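For the working numbering, add 31 to where a residue sits in the sequence shown, where the first one is 1.
Built from N, CA and C at the ideal position, the CB exists for glycine as well.
A quick note: this is a predicted structure, and the numbers were derived from the prediction, not measured.
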Amino acid sequence: MSFFVRQSKYRHVFCEPAAPQNTYTALRISTVTGEHNYIKGNTKFFAVSLQGGGGPVAVIPYTAYGRYDQNPPVISGHRGNVLDFEFNPFHEQIIATGSEDLTIKVWGIPEAGLTETIRDPLVDMHGHGKKVTLLRFHPAANNILASVAADYTVKIWDIEKGAEITSVQAPHSNLIHDIVWDYLGKSYFTSCKDKTVRCFDARSSEVTMEIPNAHEGMKSTKMANLGDSGRLATLGFTRQSGRQLKIWDCRNMGAELKTLEIDRAPGVMMPFYDPDSQLLFIAGKGDGNIRYFETVEESPFVYAINEFRTNNAAKGMGMVPKMGLNVSKNETARLLKMTSSTVEPLSFIVPRKSDAFQEDLFPETACGIPALSADEWVAGEDRPPVKGSLNPDLAGGNGPRQAAAATQQAFKPTRPAAEIQKELDAALARIEKLEAQLREAGLEPAT
32 MSFFVRQSKY
42 RHVFCEPAAP
52 QNTYTALRIS
62 TVTGEHNYIK
72 GNTKFFAVSL
82 QGGGGPVAVI
92 PYTAYGRYDQ
102 NPPVISGHRG
112 NVLDFEFNPF
122 HEQIIATGSE
132 DLTIKVWGIP
142 EAGLTETIRD
152 PLVDMHGHGK
162 KVTLLRFHPA
172 ANNILASVAA
182 DYTVKIWDIE
192 KGAEITSVQA
202 PHSNLIHDIV
212 WDYLGKSYFT
222 SCKDKTVRCF
232 DARSSEVTME
242 IPNAHEGMKS
252 TKMANLGDSG
262 RLATLGFTRQ
272 SGRQLKIWDC
282 RNMGAELKTL
292 EIDRAPGVMM
302 PFYDPDSQLL
312 FIAGKGDGNI
322 RYFETVEESP
332 FVYAINEFRT
342 NNAAKGMGMV
352 PKMGLNVSKN
362 ETARLLKMTS
372 STVEPLSFIV
382 PRKSDAFQED
392 LFPETACGIP
402 ALSADEWVAG
412 EDRPPVKGSL
422 NPDLAGGNGP
432 RQAAAATQQA
442 FKPTRPAAEI
452 QKELDAALAR
462 IEKLEAQLRE
472 AGLEPAT
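Written out as structure tokens, the structure reads:
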């Protein structure tokens with residue numbers, strides 16, 4: 032593949048792997064496979080599923096370098112393997128997990144990380160008829176979560192209330208490979224084993240657009256919403272098992288804007304998009320390469336920049352939020368590469384001579400503050416993600432982190448009325464049974 036690109040401030044971006052002493056080793060990572068990327072991170076922690084009963088999930092501070100404890104404190108409260116997990120973008124101490132046991136659980140993480148195994152979730156949500164395979168938090172609304180399951184359904188939840196908001200199965204007639212929100216969180220896209228990519232109104236669950244036969248190959252199609260550009264990237268396979276990237280206009284999905292043949296390899300691709308730099312990073316499960324591209328508004332819509340090559344194959348990959356980067360090094364992106372037993376941070380850096388904050392490299396970014404509440408979103412409101420500067424000289428040297436911490440509301444889960452009513456009915460039935468037993472014994476129950 033040719034990597035000639037026009038003049039761009041990201042033309043010379045390069046990947047700097049972490050030094051060996053700044054990696055994480057001896058992790059007993061789960062061998063369960065699925066549609067998820069196996070590792071995710073926020074600005075404080077990253078999470079991976081481990082081997083063992085109860086679907087253990089390790090939540091590890093970035094400062095905990097080196098060999099991992101073989102008997103660590105974990106999150107362990109499921110009755111099956113955890114197939115996906117997702118950090119709440121507006122509450123760094125909250126993580127949701129989806130499992131083979133059909134449930135979604137929401138957990139609280141202590142400020143300093145796990146010091147003992149947590150078995151009791153803050154919220155326990157039931158509703159899927161088969162294993163839960165994918166989870167995605169809303170990009171702007173607080174505590175709104177989308178889930179996908181092997182029963183071909185997509186459900187939207189208010190995790191603070193533990194309540195299902197919407198559910199849709201039709202027109203999915205087969206396994207769902209991926210789900211992504213649009214920029215505002217007004218719609219979401221799904222890719223399915225039937226080769227169709229669909230756009231749904233997130234509140235009504237109606238299909239608003241679809242792309243039949245988006246990719247001709249039978250393997251999984253993955254997607255990335257390209258920020259506020261109104262475009263969608265899909266990554267799939269040709270009929271001859273070649274890997275390809277397609278760019279689509281979300282307002283008119285009748286034909287792709289661009290098709291780019293990547294290579295011929297068996298691994299499902301994992302896309303990661305940075306809307307601030309408009310860089311698209313593509314890694315593959317089972318290979319060691321990461322390709323990166325710059326997306327633009329006009330044809331050809333995407334330019335190849337470079338490729339980071341290693342012989343060490345990745346099992347999974349995750350992307351650290353922009354607020355977690357080292358702007359003093361001009362680190363514009365950081366990926367977390369997971370192998371069978373290690374996690375290696377990979378920093379993507381733009382070389383500059385000046386040590387000053389580079390405003391052109393770091394425009395205002397999503398800063399971990401919800402733009403609206405769950406109730407406001409359910410009522411029909413849409414707002415773009417709240418943004419703030421990454422300049423460390425602002426807000427007392429903490430940039431947007433201080434503002435996010437100051438505005439972060441306490442997570443206060445409430446139990447659904449139906450769940451409370453079910454327990455009340457069971458309690459009343461038991462009382463009635465006990466009163467009947469007293470009468471049979473010749474005793475009159477107290478009133």
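Residue i classed as buried or exposed, judged by whether at least 16 other C-beta atoms fall within 10 angstroms
i, result
"Leu465", "exposed"
"Phe45", "exposed"
"His43", "exposed"
"Lys136", "buried"
"Ser385", "exposed"
"Ile313", "buried"
"Leu459", "exposed"
"Asn73", "buried"
"Arg23", "What the structure shows of the chain is the stretch from 32 to 478, and residue 23 is not part of that stretch, so it cannot be assessed."
"Gly428", "The predicted model places Gly428 with a pLDDT of 46, which falls under 50 and marks its position as unreliable; any figure quoted below should be read in that light. Its Cβ having fewer than 16 others within 10 Å, Gly428 is exposed."
"Lys192", "buried"
"Asn102", "exposed"
"Ala78", "buried"
"Pro382", "exposed"
"Asp151", "exposed"
"Ser371", "exposed"
"Gln275", "buried"
Cα-Cα separation between residue i and residue j, rounded to whole angstroms
i, j, result
"Arg167", "Ala477", "52 Å"
"Ser218", "Gly111", "31 Å"
"Ala50", "Phe268", "34 Å"
"Gly86", "Pro48", "30 Å"
"Glu475", "Lys453", "27 Å"
"Tyr41", "Val374", "26 Å"
"Arg26", "Val185", "This structure gives no information on residue 26, because the portion of the chain shown stretches from 32 to 478."
"Glu329", "Ser39", "15 Å"
"Pro297", "Ser272", "7 Å"
"Ser404", "Asp294", "43 Å"
"Asp232", "Val238", "6 Å"
"Asn493", "Arg322", "Nothing can be reported for residue 493: it is not among the residues displayed for the chain, which extend from 32 to 478."
"Leu425", "Asn173", "25 Å"
"Ala171", "Ala344", "34 Å"
"Leu288", "Pro302", "18 Å"
"Ala201", "Met240", "14 Å"
"Phe118", "Gly473", "58 Å"
"Val331", "Glu325", "As written in the sequence, residue 331 is Pro, which differs from the Val given in the question. Cα to Cα, Pro331 sits roughly 11 Å from Glu325."
"Asp305", "Ile462", "58 Å"
"Pro394", "Gln309", "11 Å"
"Thr438", "Ile400", "Reliability fails at Thr438, whose pLDDT of 46 lies under 50, so the model's placement of it is uncertain and the value that follows must be treated cautiously. Cα to Cα, Thr438 sits roughly 7 Å from Ile400."
"Pro120", "Thr341", "31 Å"
Opposing strand residues paired with residue i [DSSP bridges]
i, result
"Pro92", "Phe76"
"Ala345", "Beta-bridge pairing links Ala345 to no other residue."
"Asp209", "Ser222"
"Tyr334", "Glu325"
"Met301", "Ala314"
"Phe45", "Ile380"
"Gly273", "Arg295"
"Tyr55", "Gly97 and Val374"
Within 8 Å, strictly: CB atoms of residue i and residue j
i, j, result
"Phe379", "Glu362", "yes"
"Thr128", "His109", "yes"
"Leu215", "Pro415", "yes"
"Thr164", "Ala181", "yes"
"Ser236", "His208", "no"
"Gly349", "Leu366", "yes"
"Ser61", "Ser80", "yes"
"Asp280", "Gly261", "yes"
"Val88", "Phe116", "yes"
"Ser178", "His159", "yes"
"Lys481", "Leu421", "Residue 481 falls outside the range modelled here, since the chain spans only 32 to 478, and no answer is possible."
"His246", "Thr227", "no"
"Leu176", "Val90", "no"
"His169", "Trp408", "yes"
"Val105", "Ser130", "no"
"Met300", "Lys360", "no"
"Gln52", "Tyr93", "no"
"Ile70", "Gly319", "no"
Any C-beta of chain C under 8 Å from that of residue i
i, result
"Met350", "The structure shown has no chain C; it contains just one protein chain."
Residue i: CB within 7 Å of a non-hydrogen atom of the ligand GDP
i, result
"Glu287", "Only the bare structure without any ligand can be found here, which leaves the ligand GDP out of the picture."
3 or more residues per run - each beta strand (DSSP E) lying fully within the segment 356-404: Whole beta strand (DSSP E) segments, 3+ residues: 362-369 and 374-380.
field: Within the segment 85-132, ranges of the beta strand (DSSP E) (whole runs, at least 3 residues)
entry: Entirely contained in the segment 85-132, the beta strand (DSSP E) runs reaching 3 residues are, in chain order, 88-92, 113-118 and 125-130.
- request: List in chain order: all unbroken beta strand (DSSP E) runs of 3+ residues lying wholly within the segment 140-180.
  value: Runs of the beta strand (DSSP E) inside the segment 140-180: 154-156, 163-168 and 175-180.
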